[in-house]
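Chemist: In my numbering, the protein residues as written are 18 to 156. First the structure, which I've put down as structure tokens, then a few questions once you've had a look.
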Ligand code: HEC
């Protein structure tokens with residue numbers, strides 16, 4: 018059979034199943050990862066880059082080791098609750114409330130690691146603790 022013959026045969030078919038399966042696969046390929054938590058790098062690109070790429074509003078720049086050295090020394094237990102809660106010109110969750118606490122934590126770790134640190138993926142227990150600390154801050 019020629020390839021055009023095959024296409025004719027496929028489009029002439031009245032069975033909707035192959036098309037349904039095709040759309041389901043496309044849907045699954047795009048919808049599932051979007052529904053899951055984003056990586057730190059993806060969160061950075063979607064939300065944090067706007068200020069942290071070139072230090073807008075005096076945000077600590079990605080890769081500015083001098084500036085990040087102090088933040089890294091303060092530690093994740095300080096800087097992640099601040100990123101969740103907001104600090105001075107830095108809005109809560111970078112101004113994107115759709116982000117989960119885990120996603121924000123991953124983005125902080127992504128930026129710190131791009132600036133000299135070597136922090137590991139956060140545990141759910143840690144994320145809960147950071148949320149508590151953020152909520153305890155004065156509004
Ligand atoms: C609208 C601009 C803006 C966006 C968007 C933004 N930041 Fe910031 N961020 C700032 C500024 C400004 C500071 C410095 C705040 C200060 O110390 O006065 C800062 C500081 C920080 C700090 C250091 C906090 C500390 O303890 O001093 C972290 C961590 C941080 N941002 C994480 C993030 C993450 C993660 C995102 C994305 C989810 C993000 N930021 C998005 C402006 C922004």
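Note that beta-carbon positions come from the ideal geometry of N, C-alpha and C, so glycine has one too.
Have a look at 122, 84, 99 and flag the residue whose alpha-carbon is nearest the alpha-carbon of residue 58.
Modeler: Answer by Cα proximity: 122.
Chemist: Could you please give me the residues that DSSP links to residue 107 through a beta bridge?
Modeler: According to DSSP, residue 107 bridges with 104.
Chemist: Give the C-beta separation of residue 65 and residue 128 to the nearest angstrom, bearing in mind that I take them to be a contact with Cβ-Cβ under 8 Å.
Modeler: Confirmed, Cβ separation roughly 7 Å.
Chemist: By the three-class DSSP mapping on this structure, what secondary structure does residue 154 have?
Modeler: Here residue 154 sits in coil by DSSP.
Chemist: Are the segment 145 to 154 and the segment 70 to 87 touching, with three or more C-beta to C-beta distances below 8 Å?
Modeler: Judged by Cβ distances under 8 Å, the segment 145 to 154 makes no contact with the segment 70 to 87, as fewer than three pairs qualify.
Chemist: Compute the Euclidean distance between the alpha carbons of residue 140 and residue 155, then round it to the nearest angstrom.
Modeler: Cα-Cα distance, rounded: 26 Å.
Chemist: Quick check: the Cα distance between residue 133 and residue 126, rounded to an integer number of angstroms?
Modeler: Rounded to the nearest angstrom, the two C-alpha atoms are 11 Å apart.
Chemist: Nearest-angstrom Cα distance between residue 70 and residue 110?
Modeler: One C-alpha to the other measures close to 16 Å.
Chemist: Which runs of the alpha helix (DSSP H) fall wholly inside the segment 54 to 82 and span at least 4 residues, in chain order?
Modeler: If we require 4 residues or more, the alpha helix (DSSP H) runs fully inside the segment 54 to 82 come out as 57 to 60, 66 to 69.
Chemist: State the start and end residues of the unbroken alpha helix (DSSP H) segment that holds residue 120.
Modeler: Taken as a continuous stretch (DSSP letters only), the alpha helix (DSSP H) holding residue 120 covers 118 to 130.
Chemist: Let me confirm a value: residue 98 is counted as buried when at least 16 other C-beta atoms fall within 10 Å, else exposed. Which label applies?
Modeler: Buried.
Chemist: Go ahead and label residue 120 buried or exposed: buried means 16 or more other beta carbons lie within 10 angstroms of its beta carbon, across all protein chains shown.
Modeler: Burial call: buried.
Chemist: Tell me whether residue 114 is buried or exposed, calling it buried when 16 or more other Cβ atoms sit within 10 Å of its Cβ.
Modeler: Exposed is the call here.
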